[in-house]
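> First the structure, then my questions, so here it is.
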């Protein structure tokens with residue numbers, strides 16, 4: 032008997048073949064698909080949307096923290112006083128009468144009275 036590639040002599044059975052791959056049909060009238068550029072699944076549009084949202088929340092949190100801690104002398108003198116136009120609002124001048132009393136109390140403590 033002859034040996035044919037599709038027919039096995041000992042069994043008389045043709046072995047199954049793998050799936051036939053056909054090229055996909057692309058209609059000239061159908062939509063033109065493109066793969067969007069992405070980095071780890073983030074497209075530029077999605078990344079900019081999330082970035083703007085996070086920037087808004089960050090700016091709001093920073094603004095809140097700055098005004099929340101504005102009564103701390105270090106923050107008040109180093110940051111808040113240097114803001115143009117409204118910086119004078121945080122400038123705290125100690126009156127001369129408070130300074131004189133403080134010196135008097137310190138002098139009494141040193142002398143031991």
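In the working numbering, the protein residues as written are 32 to 144. We put the CB at the ideal spot given by N, CA and C, even for glycine.
Quick check: what's the CA-CA separation for residue 117 versus residue 110?
Counting from one through the chain shown, the residue named residue 117 turns up at place 86. Counting from one through the chain shown, the residue named residue 110 turns up at place 79. So the two alpha carbons sit approximately 12 Å from each other.
> List the DSSP bridge partners of residue 70.
Walking along the chain shown from the start, residue 70 turns up at place 39. The partner list for residue 70 (beta bridge, DSSP) reads 73.
> Could you tell me the boundaries of the alpha helix (DSSP H) in which residue 104 lies?
For this step, residue 104 is matched to residue 73 along the chain shown. Its alpha helix (DSSP H) spans residues 104–109.
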